[in-house]
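Colleague: Residue numbers (our numbering), protein chains in the order written: chain A, 1 to 668; chain B, 669 to 1188.
The beta carbon of each residue, even a glycine, is placed where N, CA and C say it ideally should be.
For clarity, every value in this text was computed on a predicted model and none was experimentally measured.
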Amino acid sequence: MIACGAFADLAQTSRLPSPARLNMLHAIPTPAKHGAPTPQRQLLADAREVEGLPAALTKLQSWSDDWLARATEGIRPGASPTDRSLVAIPDVGPACEVLLADQLLRDLSPDEREGLLAWIRGQQDPSGAWLDLQGRPDLSLTAMAYWARAQGGDERTSESMVKAVRVVHALGGAQRANFIARLWLAMAGQIEWSWLPAIPAELFLVPNSIAISPARFSPWARGVLTPYLVLAREKARLHLTDASELLVRHRGQALVAPRLTRATLAGDLLQAFDRAVKLSRKLPRGPLPEIAVRRAARWIDEAQQEHGGWFSVRPTLLSLVALRVLGARSDDPRIRRGLDYLRRARGRVVIPRGVGAGREALAQGLGGTPMAVVVELIGTRPGGDATAWLVRHQLQDVGPWQARTDAPAGGWPLEAGARMHLDLAATCNALSALGRLSADDPSAAPAWAAIRRATAVVLAMQEPDGSFARFERGETDVFMRRFPWTDADLLAYGDQADATHVRLTASALVELARTGFAADDDRVARGLACLERELDTHPGLDFVTLCTLARCAGALLPEEHRMRQQVEKRIRSRQREDGSFGDLLDTASGLRALLELGHVCVQAHRAARYLVAASAAGPERFAQGPARSPGGFGLSPETLDLSAATREALASLLIYAERQARVTELRA
Amino acid sequence: MKPRHIHYDVVIVGAGLAGCATAQALALADSERRRRILIIDRHPGVHPRFSGEWIHPRGAQILDELGFYPALQAAGAMDVDGFAVFEDADSPWVDLAYSTVTGERPHGMAVHHKVLVRTLRRTIAELGRVELCEGWTVVELRRDSAGKFNGILLESNDGNTVELACDLIVAADGKGSTVRKLAGITGERETLGFTAGVEVLDATLPAPGYAHVMLGAWGPILVYPILRRADGRTSVRVTFDMPRELPAKGEGIKQYLLRAFVPFLPAPLAEQVASAIVRHKGPLEMAPTVNLPAPEAMLPGLVLVGDAGGCSHPITASGMTMGLRDAQTLGLEGARRMDAPTGEPWLDAASLRRYKAEHDRYVPTRQALADAIYEAFRGGTTGSRAIRRALFDYWNSGPTARRRSMALLSCAEGRPSVFISEYLRASRFAIGASLIPKYAASYPVGDRLRQARGALQLAQDKLGIVATVMWAQVRPSWDVARSAATREAWRERWNRISSRLSGPAPQRSAAAPPTPPLPS
Chain A
1 MIACGAFADL
11 AQTSRLPSPA
21 RLNMLHAIPT
31 PAKHGAPTPQ
41 RQLLADAREV
51 EGLPAALTKL
61 QSWSDDWLAR
71 ATEGIRPGAS
81 PTDRSLVAIP
91 DVGPACEVLL
101 ADQLLRDLSP
111 DEREGLLAWI
121 RGQQDPSGAW
131 LDLQGRPDLS
141 LTAMAYWARA
151 QGGDERTSES
161 MVKAVRVVHA
171 LGGAQRANFI
181 ARLWLAMAGQ
191 IEWSWLPAIP
201 AELFLVPNSI
211 AISPARFSPW
221 ARGVLTPYLV
231 LAREKARLHL
241 TDASELLVRH
251 RGQALVAPRL
261 TRATLAGDLL
271 QAFDRAVKLS
281 RKLPRGPLPE
291 IAVRRAARWI
301 DEAQQEHGGW
311 FSVRPTLLSL
321 VALRVLGARS
331 DDPRIRRGLD
341 YLRRARGRVV
351 IPRGVGAGRE
361 ALAQGLGGTP
371 MAVVVELIGT
381 RPGGDATAWL
391 VRHQLQDVGP
401 WQARTDAPAG
411 GWPLEAGARM
421 HLDLAATCNA
431 LSALGRLSAD
441 DPSAAPAWAA
451 IRRATAVVLA
461 MQEPDGSFAR
471 FERGETDVFM
481 RRFPWTDADL
491 LAYGDQADAT
501 HVRLTASALV
511 ELARTGFAAD
521 DDRVARGLAC
531 LERELDTHPG
541 LDFVTLCTLA
551 RCAGALLPEE
561 HRMRQQVEKR
571 IRSRQREDGS
581 FGDLLDTASG
591 LRALLELGHV
601 CVQAHRAARY
611 LVAASAAGPE
621 RFAQGPARSP
631 GGFGLSPETL
641 DLSAATREAL
651 ASLLIYAERQ
661 ARVTELRA
Chain B
669 MKPRHIHYDV
679 VIVGAGLAGC
689 ATAQALALAD
699 SERRRRILII
709 DRHPGVHPRF
719 SGEWIHPRGA
729 QILDELGFYP
739 ALQAAGAMDV
749 DGFAVFEDAD
759 SPWVDLAYST
769 VTGERPHGMA
779 VHHKVLVRTL
789 RRTIAELGRV
799 ELCEGWTVVE
809 LRRDSAGKFN
819 GILLESNDGN
829 TVELACDLIV
839 AADGKGSTVR
849 KLAGITGERE
859 TLGFTAGVEV
869 LDATLPAPGY
879 AHVMLGAWGP
889 ILVYPILRRA
899 DGRTSVRVTF
909 DMPRELPAKG
919 EGIKQYLLRA
929 FVPFLPAPLA
939 EQVASAIVRH
949 KGPLEMAPTV
959 NLPAPEAMLP
969 GLVLVGDAGG
979 CSHPITASGM
989 TMGLRDAQTL
999 GLEGARRMDA
1009 PTGEPWLDAA
1019 SLRRYKAEHD
1029 RYVPTRQALA
1039 DAIYEAFRGG
1049 TTGSRAIRRA
1059 LFDYWNSGPT
1069 ARRRSMALLS
1079 CAEGRPSVFI
1089 SEYLRASRFA
1099 IGASLIPKYA
1109 ASYPVGDRLR
1119 QARGALQLAQ
1129 DKLGIVATVM
1139 WAQVRPSWDV
1149 ARSAATREAW
1159 RERWNRISSR
1169 LSGPAPQRSA
1179 AAPPTPPLPS
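(1) Pick helix, strand or coil for H1115(B), following the three-state DSSP scheme.
(2) How big is the Cα-Cα spacing for P956(B) and G861(B)?
(3) Taking 7 Å as the limit between beta carbons, can you name the residues of its chain near G178(A), skipping five residues before and five after?
(4) Check for me: the beta strand (DSSP E) holding W804(B) runs from which residue to which?
(5) Report the residue from P315(A), A345(A), A456(A) whose alpha carbon sits nearest the alpha carbon of A416(A).
(6) Quick one: which unbroken alpha helix (DSSP H) runs of 4-plus residues sit fully inside the region 675-704 of chain B? Chain order, please.
(7) Can you tell me where the alpha helix (DSSP H) holding N429(A) begins and where it ends?
(8) For E939(B), would you say it is in contact with chain A, using Cβ-to-Cβ distances shorter than 8 Å as the test?
(9) CA-CA distance, L196(A) and V230(A)?
(10) Could you please give me the residues that DSSP links to T907(B) through a beta bridge?
(11) Just by C-beta distance, which residues in the region 398-411 of chain A are closer than 7 Å to chain B?
(12) Among A272(A), R662(A), L653(A), which one has its Cα closest to the Cα of P54(A)?
(13) Please identify the residue among Q253(A), A215(A), I199(A), V321(A) whose C-alpha is closest to the C-alpha of P273(A).
(14) Run down chain B in chain order and give the residues with a C-beta less than 8 Å from the C-beta of R452(A).
(15) If you reduce the DSSP assignment to three classes, tell me which class M461(A) lands in.
(16) Anything in chain A within Cβ reach of V946(B), meaning under 8 Å, just list it in chain order.
(17) Who are the near neighbours of M461(A) in its chain, counting only those whose CB is closer than 7 Å to its CB and skipping five residues on each side?
(18) Tell me whether M966(B) sits in a helix, a strand or coil according to DSSP, three-state version.
(19) Going along chain B, which residues have a C-beta under 7 Å from F517(A)?
(20) Give the range of the beta strand (DSSP E) segment to which Q364(A) is assigned.
(21) Closer than 8 Å, CB to CB, is T957(B) near chain A or not?
(22) If we count the other Cβ atoms within 10 Å of its Cβ and call it buried at 16 or more, is Q1128(B) buried or exposed?
(23) Under 8 Å, CB to CB, which of the residues in the region 1114-1132 of chain B have a partner in chain A?
(24) By alpha-carbon positions, which one of Q61(A), A88(A), G466(A), S80(A) ends up nearest to V373(A)?
(25) Whole-angstrom Cβ separation of A693(B) and G974(B), contact assumed at under 8 Å?
(26) Of all Cβ atoms in chain A, is any one closer than 8 Å to the Cβ of Y1111(B)?
(27) Beta carbons nearer than 9 Å to chain A: which residues of the region 1087-1107 of chain B have them?
(28) Pairing CB atoms from the region 1019-1037 of chain B with CB atoms from the region 761-773 of chain B, are three or more of them under 8 Å?
(29) Quick check on the burial criterion: 16 or more other C-beta atoms within 10 angstroms. Buried or exposed for Y676(B)?
(30) Since M563(A) is in the alpha helix (DSSP H), which residue starts that stretch and which ends it?
(31) Mind listing the chain B neighbours of P464(A)? Cutoff is C-beta to C-beta under 9 Å, in chain order.
(32) Answer yes or no: the CB of V753(B) versus the heavy atoms of the ligand ADP, is any distance below 7 Å?
(33) Here's the rule: buried if 16 or more other CB atoms are within 10 angstroms of the residue's CB, otherwise exposed. What is W1139(B)?
(34) Using only alpha-carbon positions, find the residue among S507(A), A101(A), T515(A), R523(A) that is nearest to C547(A).
(35) Restricting to Cα atoms, I'd like to know which of L914(B), A689(B), L822(B) is closest to T859(B).
(36) Cβ closer than 9 Å: which chain B residues qualify as neighbours of A588(A)?
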């Protein structure tokens, strides 16, 4: 496990990286290679240095160290949830499910229950709805949050609860909520099981190499659907408080049945097929369903990870319920380990918005402490025990991600302590952090072996179209998703063209460039072609994604390349009068992009001044921004990444300081 | 030192390995000491750029026959055992040992290039049958009215010039040969990239005595011992194959090597190499890697030897062995013409043609092998990666496969049948390796087909090279047969004409028609 002392040391000391370390940083695009043209050099010579830069760097490094300490607190075993802080906050969905499942699992302490309820209450919008991280009212979240509050004893006739019911009704009723919300309603006996999509049990007997096999679902979907098969087959029943007021009824008081498929001809046909499957269940089918359920139960056993959880919190909750349905007692070691995992995924947060904004509460995270965040924080201060810890946590065992990935074990997992699921985002961040080590660092030698294996893994995670997969190859191209189910998208992890995958592809290419790969390699060329395609077809890419593309272009493309010029033009056009590019994360990303494109220009100076000025306001300002990160999955595709702006500002200002030092040399 | 005579039988330009070996071979062939041999070099001492240091057993045998071997051993040269090829640093290595090749010495030789050149120059100077002039550059070549090269204008580093007459000029001045340019021999020279080299003392090698080829980084890394020092320590050379568009300059190269190459070395070698790079003062030793498809190796009065006569990527480490074979061939021709009458060139046109035929037989083979292996080891495309995996699968299939490959790689095998059978076997393994994943449990069929298609495409692309090699192997004997047939045809024709004109055919010795020029 983690060397806590090492992180305590890191958190206590706050010093700037040495000049030697600065020189090791971000060595891909250098002014020597992508030198600014002569007029820009003149501008550089005229530009005044940013006042307060060293002080800002010291502060940001100190805040980054604090975040690292908080993140690693979440990893430490034995700590109480109320002693820990979350570094990545999802929506209220997981907290609601934990509260509902506690009726069966009976694990939450009164403090924890009250803390989670406070988190749910505090997040409610004055309109009565619970919002997703984009700020839109969300039917499923509102229904689940209302139900969890009711389960927790909140008065149903209170204004906020009545408003919530109105929102649910206005959005079509709880029966139109997402698959997970309907699953809980079915388990509580509020709706019929037939209102959930039918998964033929025999599907679990299909060989893994066949396209319709559950092995081809995304890991999150596999983690949810396998226990779902058990629950649906056994018709699991939880004794939860009544939530019938959330359901919309016809005038005759009969419930309005939800549509399980999309409103197309294909959807109608599938609906008919769904009914046929459900009817066929009443016919004798021999031993196959039983065999399939046994296989699913075995999979649940095998998929429990070293840290006790399954892929993340939702699959863990459903797997625990399924285990109980299959007869496991509450003192079963699998149940205890799973509950420990859920507990470690909880922590204190400051409610970011809603009626309780600013107050502290206990939130249920989407999983354990995200490795991608920890690794990026370690990368701000490379070397020492933190690097050794990082190397120890690389994947060394064969995992399901390797089924379609022809690479040896390596890379980093989604969360610390996990051993079965690769996360390419964490792997790219780790490669970046390890790439900053100086050759004389004692931890450099083991780091090189880790870099070697991780590079092989990154290369092997490339999809045929040139993009990179995050968890498993083929995660976006799930065959069963082509059927017009309303919940079909949950079977896959996003789209190849979504911001997450574009950003991931750009990051993977940046790390490959750092390891010496160039556009003369067909894999890099395919990745670049994919990014260029996305840039052309999606003119509205978000700013942070655009900046990641710029970093990739700076590392791999010559100055005259069309994509590089296009990205640079778009970034430059986004700067505002005050020097910012939007919020703090956008500004830091914009500054870093300009610097890694090779320009220490006037726009970069202005952005740097803005960040330095912002640092005077304290760490809270950097944690406030809407730093949404697509670090989530399943029904919570985004999380609030509280330390993102701090990390990015520190990284960009470090590069800026390094470039400034070079400019001073040039001037001399 | 200035040349002592104004006429030489042979003037050799370039006193590197190929030049010195040629000089020595010719000197030994001239057992009656009737010939004057001059060897010149631009650099007093040794060439500053780092260069080849690995010699296959065939080359080591030639060095032994030329009398260099004991001196080189005494200077610290090391006997080496073969190649250890690593698909990646975590995999077991493939043992390509020289000792498995039948009919060859069991050891090659590795030696620091500067030590090698110094020792060779000292040895030929001690023998005293070759005149060595350092610090002289070729400025012009002279031709007679028939176009045959018959003289050379030299300029010393301090500006003096001297013009010499000679019967034969041997260009041994490397891949950037000045003589080749002055003679107007154009070649499609292509710079592939650069090689950077560092020396590591007492490096921990997984297979001591072997040249290690480490794959996985942008280009292959070669690690091999080069010198046994007087204090008992061993110098090991590490070379990094870098792209043509260097991603960094000056000191930045070191950071680039640390970032892009060192992680792909096994521990503890990686630490030792990193330490050597960091401690290295000044710029690293670098040399361009060049592909020069074999140019015309012979013109009247001029021959090209060694890298001047064609070179390729150093991945097969065969450049020096090829240079030594050139020297040996010229030496044999010299011995054949040992009794040539005074007034006739020592090495006449027929000797040079035979040299060219022999040179053209093995140089294209070497270039084709180097080209194919470099492309596979680089792994820049789907097909080349499939071929790389196929090579390792093939080598791991048994000792016979390794022995046959090693015979080709070490220039010990030249039979076309072996070359073509190795090509076909590698292609067959490429298909198999593409379709069966190494790690994945259920690798997508589309990916397997893409790999197989890439491998097939690459094999198809290489068919042209295979055809070139086959032609190079077959052509010399075909040429000889054709020229003999042509001569016979001329004779018969002349006899027929003569008999029609004046009765009986004239005696061949009395009125033989001039032999038509042989096709070159």
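Modeller: On the basis of the data shown:
(1) It should be pointed out that residue 1115(B) corresponds to Asp in this sequence rather than to His. DSSP, reduced to helix, strand and coil, places D1115(B) within a helical segment of the structure shown.
(2) For P956(B) and G861(B), the distance between alpha carbons rounds to 6 Å.
(3) Going by the sequence as given, residue 178(A) is Asn instead of Gly. Answer for N178(A): S140, D487, L635, listed in chain order.
(4) Counted as a single uninterrupted DSSP element, the beta strand (DSSP E) harbouring W804(B) occupies residues 804-811.
(5) Of the candidates P315(A), A345(A), A456(A), the one whose C-alpha sits nearest the C-alpha of A416(A) is A345(A).
(6) If we require 4 residues or more, the alpha helix (DSSP H) runs fully inside the region 675-704 of chain B come out as 685-697.
(7) Membership of N429(A) in the alpha helix (DSSP H) is indicated by the continuous run 424-435.
(8) Yes - at least one Cβ of chain A is within 8 Å of the one on E939(B).
(9) Going by the C-alpha atoms only, they are around 14 Å apart.
(10) Its beta-bridge partners are G865(B), L890(B).
(11) Result list: Q402, A403, R404, T405, D406, A407, P408.
(12) Nearest C-alpha to P54(A): L653(A).
(13) Contrary to the premise, residue 273(A) reads as Phe rather than Pro in this sequence. For F273(A), the closest alpha carbon among the candidates Q253(A), A215(A), I199(A), V321(A) is that of I199(A).
(14) By Cβ distance, chain B contributes D756, A757, D758, G884, P931, F932.
(15) Coil.
(16) Against chain A, the beta carbon of V946(B) has neighbours under 8 Å at A439, D440, listed in chain order.
(17) Here M461(A) has T405, L424, F468, A469, R473 as same chain residues with Cβ atoms under 7 Å from its own Cβ, once five neighbours each way along the sequence are excluded.
(18) Of the three classes helix, strand and coil, the one that applies to M966(B) here is strand, per DSSP.
(19) Ordered by position in chain B, the residues that pass the 7 Å Cβ test against F517(A) are W886.
(20) Looking at the DSSP string, the run of the beta strand (DSSP E) that includes Q364(A) is 360-364.
(21) So no, T957(B) is outside the interface.
(22) It counts as exposed.
(23) Residues G1114, D1115, R1118.
(24) It is A88(A) whose Cα lies nearest to the Cα of V373(A).
(25) Their Cβ separation, rounded to whole angstroms, is 12 Å, which puts A693(B) and G974(B) out of contact at 8 Å.
(26) At least one chain A Cβ lies under 8 Å of Y1111(B).
(27) The region 1087-1107 of chain B vs chain A, Cβ under 9 Å: P1105, K1106, Y1107.
(28) Touching, no, given that fewer than three Cβ pairs across the two stretches are closer than 8 Å.
(29) Burial state of Y676(B) is buried, judged by a 10 Å Cβ sphere holding 16 or more other Cβ atoms.
(30) Unbroken alpha helix (DSSP H) run through M563(A): 562-573.
(31) P1112, G1114, D1115, R1118, listed in chain order.
(32) This structure simply doesn't include the ligand ADP, nor any ligand for that matter.
(33) W1139(B) should be labelled exposed.
(34) It is S507(A).
(35) Cα-wise, what sits closest to T859(B) is L914(B).
(36) Using a Cβ-Cβ cut-off of 9 Å, A588(A) is close to nothing in chain B; its nearest Cβ partner there is about 24 Å away.
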